[in-house]
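Quick notes on the structure that follows.
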Amino acid sequence: AQSVTQLGSHVSVSEGALVLLRCNYSSSVPPYLFWYVQYPNQGLQLLLKYTTGATLVKGINGFEAEFKKSETSFHLTKPSAHMSDAAEYFCAVSGPVYTGGFKTIFGAGTRLFVKA
Amino acid sequence: NAGVTQTPKFQVLKTGQSMTLQCAQDMNHEYMSWYRQDPGMGLRLIHYSVGAGITDQGEVPNGYNVSRSTTEDFPLRLLSAAPSQTSVYFCASRPGQGGVWDTEAFFGQGTRLTVV
Numbered sequence: 877a878q879s880v881t882q883l884g885s886h887v888s889v890s891e892g893a894l895v896l897l898r899c900n901y902s903s904s905v906p907p908y909l910f911w912y913v914q915y916p917n918q919g920l921q922l923l924l925k926y927t928t929g930a931t932l933v934k935g936i937n938g939f940e941a942e943f944k945k946s947e948t949s950f951h952l953t954k955p956s957a958h959m960s961d962a963a964e965y966f967c968a969v970s971g972p973v974y975t976g977g978f979k980t981i982f983g984a985g986t987r988l989f990v991k992a
Numbered sequence: 011n012a013g014v015t016q017t018p019k020f021q022v023l024k025t026g027q028s029m030t031l032q033c034a035q036d037m038n039h040e041y042m043s044w045y046r047q048d049p050g051m052g053l054r055l056i057h058y059s060v061g062a063g064i065t066d067q068g069e070v071p072n073g074y075n076v077s078r079s080t081t082e083d084f085p086l087r088l089l090s091a092a093p094s095q096t097s098v099y100f101c102a103s104r105p106g107q108g109g110v111w112d113t114e115a116f117f118g119q120g121t122r123l124t125v126v
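Residue numbers (this note's numbering), protein chains in the order written: chain X, 877 to 992; chain V, 11 to 126.
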């Protein structure tokens, strides 16, 4: 079974500061990991994903995340925050279910505030 | 390309009423799912489908029914609305059949449902 834990329901940074959003997962199989962003009154859209290969994954809008198997982590970072980054961010893990399909489990989300 | 379309965007129901939330996608995706989003709880899977005629329960299926008669449509039915079903509902689709769980999901804009 898969699960996702996002540390910190709210994170506040100053514009230009480092953004670090934490995500830890558990999975009984090699995980596929995702970060999604949700802007107010909108659906979720993909920021980046890890499936196989390079453990440092680059996404849109300058975000990147590193898959660390030993720490079961997939933290999201951005070197310099911009006001437009204010949104809610969700970490997710996908894996198979016994029926032969698969499902995605989402973390509780982290709301990012960016101060001018 | 419309992507994933949800209707309605907003709905107010009285306790005990029934209704259907509509979801349609035009990307020929095999996999479709319904989530509900509640503050501090992230997205929780209600039901999902790996193809026309095949559906299965997610984490929180009670009080909801689904069917999948076509690839494009995946309606969610509330049988007898309760205040606990007040939430924002998201439909998502993704390509690939069972076993392909490394693809990202495409989300609709959401339906904000209030049950009074």
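Heads up, the beta-carbon is just placed ideally off N, CA and C, and yes, glycines get one too.
Put simply, the CB of Gly118 of chain V is near chain X, with a gap under 8 Å to one of its CB atoms.
Within 7 Å of the CB of Glu114 of chain V, the CB atoms of chain X belong to Phe910, Leu922, Lys925, in sequence order along the chain. Ser902 of chain X sits away from Ser885 of chain X, with the two beta carbons spaced by 8 Å or more.
Cβ-Cβ separation between Tyr908 of chain X and Thr927 of chain X: approximately 5 Å, consistent with a contact (criterion under 8 Å). At a cut-off of 8 Å between C-beta atoms, Phe100 of chain V counts as an interface residue with respect to chain X. Residue pairing of Val933 of chain X in beta bridges, as defined by DSSP: X:Ala941. It is roughly 15 Å from the alpha-carbon of Ala957 of chain X to the alpha-carbon of Ala941 of chain X.
Within the segment 55-74 of chain V, Leu55, Tyr58, Val60, Asp66, Gly68 place their CB atoms closer than 7 Å to a CB of chain X, listed in sequence order. Under DSSP, Ile64 of chain V forms a beta bridge with V:Gly61.
In this structure the segment 888-899 of chain X touches the segment 945-956 of chain X; the number of beta carbon pairs closer than 8 Å is three or more. Closer than 8 Å to the CB of Lys979 of chain X there is at least one CB belonging to chain V.
If you ignore the 5 residues before and after Leu89 of chain V, its C-beta comes within less than 8 Å of the C-beta of Ser28, Gly73, Tyr74, Asn75, all in its own chain and listed in chain order. Nearest to Leu31 of chain V by C-alpha distance, out of V:Met51, V:His57, V:Ala12, V:Tyr41, is V:His57. Taking 8 Å as the cut-off, the beta carbon of Gly935 of chain X is found closer than this to the beta carbon of Leu923 of chain X. Linking Glu82 of chain V to Gln35 of chain V through their CA atoms gives a straight-line distance of about 5 Å. Cys33 of chain V and Gln47 of chain V have their alpha carbons spaced roughly 16 Å apart.
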